[in-house]
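Student: So the sequence lines, in the order shown, correspond to chains A and B.
Here my numbering is used: the first residue of the first sequence is 73, the next is one more, and so on.
Here my numbering is used: the first residue of the second sequence is 9, the next is one more, and so on.
Ideal placement from N, C-alpha and C gives every residue a C-beta, glycine not left out.
For clarity, every value in this text was computed on a predicted model and none was experimentally measured.
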Amino acid sequence: MTPPRLHPLGDAALLCELPAPATLAQQQKIWALAREARQWPAVHEVLPGMNNLTLLFDPLQVDAAELEIQVLAAWPQLDAAAVDGRTVEIPVAYGGEHGPDLGEVAAHTGLTPAEVVRRHSAGEYVVYLLGFLPGFAFMGGLAPELATPRRAEPRTAVPARSVGIGGAQTGIYPLVSPGGWQLIGRTRLTLFDPTAEEPTLLRAGDRVRFVVESVELP
Amino acid sequence: MIVVLKPGMLASVQDLGRHGHRERGICPGGALDALGLTLANRLVGNADGAAGLELTLGACEFRFETDTRIALAGDDFDARLDGLPLRPGWSTPVAAGQRLVLGGANASAAGKKGVRSWLAVAGGIDVAPVLGSRSTDLKAGFGGHQGRALKKGDRLPLGPSPLDAAQRARRAFGVRTPAWTLEGQADLGDAIALRVMPGPECEQFTATSVAALWREPWRLTPQSNRMGSRLEGPVLARRRAGDMLSSGVVPGTVQVPPSGQPIVLMGDAQTTGGYPRIGVVIRADLWKLAQAPLGGTLRLLKSDAAEATQAWAAQQRYLAQVAQGLAASGWPTARPRPG
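#1: Of all the CB atoms in chain A, is at least one closer than 8 Å to the CB of L253 of chain B?
#2: Strictly under 8 Å for the Cβ-Cβ distance: is Q22 of chain B near chain A by that measure?
#3: Pull up the DSSP beta-bridge partners for Y197 of chain A, would you.
#4: Does M211 of chain A pass the burial test, meaning 16 or more other C-beta atoms within 10 Å, or should it be called exposed?
#5: Tell me whether M252 of chain B is buried or exposed, calling it buried when 16 or more other Cβ atoms sit within 10 Å of its Cβ.
#6: Report the three-state DSSP secondary structure of A292 of chain B (helix, strand or coil).
#7: From the DSSP secondary-structure annotation, give me the bridge partner or partners of S255 of chain B.
#8: In three-state DSSP terms, what is R190 of chain A?
#9: Could you round the C-beta distance between L146 of chain B and S20 of chain B to whole angstroms and report it? I think they count as a contact, below 8 Å.
#10: Could you name the residues that DSSP lists as bridge partners for T159 of chain A?
#11: Tell me which same chain residues have a C-beta within less than 7 Å of the C-beta of L65 of chain B, skipping the five on either side of it?
#12: Kindly list the residues whose CB is nearer than 6 Å to the CB of V102 of chain B, restricted to its own chain and excluding five residues on each side of it in sequence; keep chain order.
#13: Specify the secondary structure class of A118 of chain B as computed by DSSP and reduced to three states.
#14: What ranges does the beta strand (DSSP E) occupy inside the segment 29 to 95 of chain B, keeping only unbroken runs of at least 3 residues that lie completely in it?
#15: Taking Cβ positions only, does L139 of chain B come closer than 8 Å to chain A?
#16: Give me the Cα-Cα distance between G168 of chain A and E288 of chain A, rounded to the nearest whole angstrom.
#17: By alpha-carbon positions, which one of B:G182, B:A104 and B:P36 ends up nearest to W339 of chain B?
#18: Using alpha carbons as the reference points, say which of B:L24, B:L228 and B:V262 lies closest to A128 of chain B.
#19: For T74 of chain A, which residues in chain B fall below 8 Å Cβ to Cβ?
#20: Quick one: complete beta strand (DSSP E) runs, 3+ long, within the segment 221 to 274 of chain B?
#21: Roughly how many angstroms lie between the CA atoms of T382 of chain B and M205 of chain B, to the nearest whole one?
#22: Three or more C-beta pairs closer than 8 Å, one from the segment 128 to 142 of chain B and one from the segment 53 to 60 of chain B: is that the case here?
#23: Excluding five sequence neighbours on each side, which residues of the same chain lie with their C-beta closer than 6 Å to the C-beta of D134 of chain B?
#24: Scan the segment 198 to 213 of chain B for residues whose Cβ lies nearer than 8 Å to a Cβ of chain A and list them as they occur along the chain.
#25: Within a Cβ cutoff of 7 Å, which residues of the same chain sit near A215 of chain A, ignoring the five residues on either side of it in sequence?
#26: Is it right to say V243 of chain B is buried, meaning 16 or more other beta carbons lie within 10 angstroms of its own, or is it exposed?
#27: Consider the Cβ of P271 of chain A: report whether some Cβ of chain B lies at a distance smaller than 8 Å.
#28: Along the segment 193 to 208 of chain A, what residues have a CB closer than 9 Å to any CB found in chain B?
#29: What does the Cβ neighbour count give for V283 of chain A, buried or exposed, with the cut at 16 atoms within 10 Å?
#30: I believe V198 of chain A touches G175 of chain A by the beta-carbon criterion, under 8 Å. Please report the beta-carbon distance rounded to the nearest angstrom.
#31: Q106 of chain B: which of B:W98, B:R88 and B:R95 sits nearest, CA to CA?
#32: Could you tell me if W222 of chain B is buried or exposed, where buried requires 16 or more neighbouring beta carbons within 10 angstroms of its beta carbon?
#33: So V134 of chain A and A114 of chain A are in contact, right, with Cβ under 8 Å, and what is the actual spacing, rounded?
#34: According to the neighbour-count rule (16 or more other Cβ atoms, all chains shown, within 10 Å of its Cβ), is D312 of chain B buried or exposed?
#35: Alpha carbon to alpha carbon, how far is G82 of chain A from G250 of chain B?
#36: Give a yes or no on whether the minimum CB-CB distance between G119 of chain B and chain A is below 8 Å.
Rendered as structure tokens:
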């Protein structure tokens with residue numbers, strides 16, 4: 073795999089970016105680089121993106137050029153398979169008041185609402201990164217036929233724990249937030265608890281399964 | 009204890025930020041002017057990481073219920089402690105019962121308008137730390153005082169004062185505040201100069217757009233907030249449109265949404281973004297952006313890592329000089345920022 077393109081992101085961060093298109097294999101290398109760079113004394117934070125990684129460093133301890141050399145030297149040694157996420161099962165109440173857009177997704181995809189639920193809960197998803205909100209997971213693995221455009225009018229307040237589809241992605245809103253995704257259900261699990269030792273339910277690298285807890289067909 | 013009598017437009021508890029949790033989507037937050045809060049903390053004998061209050065556009069009022077000492081950074085909004093002026097960069101004794109009042113947006117000294125102020129109190133605002141910080145995450149609703157902006161009637165506890173009785177009661181004194189102007193940039197008039205390093209997507213923009221970025225004045229619009237400072241000026245265009253994959257952002261990142269009008273991300277911005285990053289404001293100049301007046305003019309000067317590191321080192325020297333001066337006069341020495 074080709075080494076990442078490196079570019080400074082200001083005076084205290086370095087972007088390491090793999091070429092498009094994004095793949096899971098590339099993302100596994102990103103996680104492996106993140107795990108490695110966490111051990112470097114001058115790097116105080118790592119921030120995975122979609123097929124990229126931002127390293128936050130102290131330029132008084134290491135200059136950007138040295139850090140670039142460190143990344144490129146580490147790159148061929150990284151064992152992408154070593155980053156093994158957990159499998160997290162997420163119970164979902166599909167449809168009804170919890171998933172007011174289930175009918176909309178069915179209409180757009182040409183599937184019955186029951187089939188949308190079946191296919192959504194049959195998939196295995198991978199958390200590529202967390203971003204947007206605390207604990208919000210960008211996941212890959214949505215069946216392509218379930219892709220549905222965002223709502224023309226975003227909601228001003230999506231309820232916390234709503235499960236939605238936005239374009240070719242699926243995700244869960246950890247908090248009440250404005251949002252334009254089509255809501256198909258809701259989980260009872262807490263995605264973000266700042267007082268917990270592990271503040272987010274999900275971490276990059278985790279595999280996610282949605283488990284049907286109940287279905288209310290439109 | 010401090011009682012909030014009037015919070016103004018937006019007052020919140022902030023320290024130097026919540027670090028180490030970006031990979032969970034948790035933004036660093038913290039005082040947008042970390043330099044200002046650090047200075048104010050040192051002036052009252054606090055550790056740099058003590059929590060203070062970030063105030064927006066003045067028009068606020070507080071009552072102290074304890075004998076203590078306070079310092080203000082940023083714009084003073086004609087701040088008065090029981091009628092007597094309190095200038096930024098001054099350390100002032102306060103007796104229980106005294107009131108601090110900041111005037112409205114028109115109260116700033118002529119020719120000097122700001123947008124935010126930072127108030128430090130001896131002992132710091134003693135709310136419970138969450139994920140290693142006392143900063144308020146306004147978007148996610150945790151940290152600080154009950155995870156929200158301050159409201160009338162809120163009572164804020166103070167930590168143990170680092171000052172003894174004699175130090176607390178010492179006559180008011182001040183230090184030189186950070187310099188706004190850059191050497192050799194006198195030709196910028198009233199504009200605030202920010203040094204900016206080219207960002208990872210700078211080369212995706214047309215040559216005309218990049219030239220305009222460095223040459224044209226930019227207006228700071230009133231739609232700015234703790235998430236981002238929105239700038240208005242020439243439309244910045246990419247050579248060709250196209251989606252970007254989610255990628256990390258830091259405070260100071262200048263991202264350009266499809267409107268072509270740049271947004272400089274601030275402490276409460278989300279941790280990853282999907283808009284091209286044309287530049288990044290160097291860390292040493294972020295405090296100016298945090299204080300810059302709404303409607304004011306900014307100039308973005310092309311910079312590089314070497315200049316940024318020098319500017320950062322110069323800022324650390326300034327803080328070290330302040331610390332030395334304070335230590336020489338028997339003031340508790342500022343301890344390094346925790347973490």
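Tutor: On the basis of the coordinates in this document:
#1: yes
#2: no
#3: A:V280
#4: buried
#5: buried
#6: helix
#7: B:G281
#8: helix
#9: 6 Å
#10: A:R279
#11: G16, M17, A113 and V123
#12: F72, T76 and I78
#13: With a pLDDT of 46 at A118 of chain B, under the threshold of 50, the modelled position of this residue cannot be trusted; read the value that follows with caution. In this structure, A118 of chain B counts as coil in the three-state DSSP scheme.
#14: 60 to 64, 68 to 72 and 76 to 82
#15: yes
#16: 5 Å
#17: B:G182
#18: B:L24
#19: Neighbours of T74 of chain A on chain B: none; closest Cβ ~16 Å, over 8 Å.
#20: 226 to 228, 236 to 240, 261 to 263 and 271 to 273
#21: The shown model of chain B, from 9 to 347, leaves out residue 382 of chain B, and the question about it has no answer.
#22: yes
#23: P165, L166 and G167
#24: M205, G207 and P208
#25: R191 and G195
#26: exposed
#27: yes
#28: Y200, L201, L202, G203, F204, L205, P206, G207 and F208
#29: exposed
#30: V198 of chain A to G175 of chain A, Cβ: 28 Å. No contact.
#31: B:R88
#32: exposed
#33: 4 Å
#34: exposed
#35: 23 Å
#36: Low local confidence applies: a pLDDT of 47 at G119 of chain B is under 50, so the model's placement there is unreliable, and no value is given.
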